[in-house]
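The sequence shown runs 2 to 193 under my numbering. The beta carbon of each residue, even a glycine, is placed where N, CA and C say it ideally should be.
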Amino acid sequence: MSTIEQRIPRIDDNEYGGNQAWFSRQIEQGDGCGVIAATNLFYYYRYPEGSAPSKEEYLQTARELYKHLKPLHLWNPFSSVNSYGLPFFTRTLDRIRRFLFLRGIIREVDIFRGRKRTMELFIRRSLREGDPVLFLTIGHPKRSPYNNHYVLITGIEGDKLIVSTWGQRRELSLKRLVKDAWLVRLGRLKDV
Numbered sequence: 002m003s004t005i006e007q008r009i010p011r012i013d014d015n016e017y018g019g020n021q022a023w024f025s026r027q028i029e030q031g032d033g034c035g036v037i038a039a040t041n042l043f044y045y046y047r048y049p050e051g052s053a054p055s056k057e058e059y060l061q062t063a064r065e066l067y068k069h070l071k072p073l074h075l076w077n078p079f080s081s082v083n084s085y086g087l088p089f090f091t092r093t094l095d096r097i098r099r100f101l102f103l104r105g106i107i108r109e110v111d112i113f114r115g116r117k118r119t120m121e122l123f124i125r126r127s128l129r130e131g132d133p134v135l136f137l138t139i140g141h142p143k144r145s146p147y148n149n150h151y152v153l154i155t156g157i158e159g160d161k162l163i164v165s166t167w168g169q170r171r172e173l174s175l176k177r178l179v180k181d182a183w184l185v186r187l188g189r190l191k192d193v
């Protein structure tokens, strides 16, 4: 199968999207993956011609999104920062949509509601239509470093997802991500 890959903002012409480690507070670093994925989406739609922000500009937007998305801060035995991050996927994607709307970017939430075996078709269709895919896996953190973590899918090659996570471009097996997780959620913000 052919490769489909969307452009992602290169922060300071280096990083592949943002990195939650850039936040100054430990709790933001621990639960900021969804916020960073949302910030990547914002810059993807804000600058379709490919411009990229400076790290300072990117972090300012990420802080605004952090307040807008409101990660859930409660005691969590699986987290060193006592946070569940953004566990409510549909609500999170809708809040991202509203944040973009307030900044003149009109998109519509499209949540994947099919079976696991059709996830790849949803991802391919979304990428062909120009939309990166927000991807959340829920599971025991010892099974995979990607459990309880958001990534932004920016491409696919065979069964390998091309994702932005921790400021890097990584290729991950879709089958492995699904196998290691209890629950998988994905969606996009499509054109209206």
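Legend entry - Start and end residues, alpha helix (DSSP H) containing E29: 27 to 32
Inset, instruction - With DSSP collapsed to three states, give me the class of K143. - result: coil
Inset, instruction - May I have the straight-line CA-CA distance separating W167 from S145, to the nearest angstrom? - result: 15 Å
Legend entry - Whether V193 touches E109 by CB criterion (7 Å): yes
Inset, instruction - Would you identify the three-state DSSP class for K71, choosing helix, strand or coil? - result: coil
Legend entry - Inter-stretch contact (C-beta, 8 Å, three-pair minimum) for the stretch 115 to 125 and the stretch 91 to 107: no
Inset, instruction - Determine, using beta carbons only, whether D195 and K176 come nearer to each other than 7 Å. - result: Because the chain is modelled from 2 through 193, residue 195 falls outside the range shown and cannot be assessed.
Inset, instruction - Within its chain, find whatever has a CB closer than 6 Å to the CB of S127; leave out the 5 residues flanking it on each side and keep chain order. - result: V134, R189
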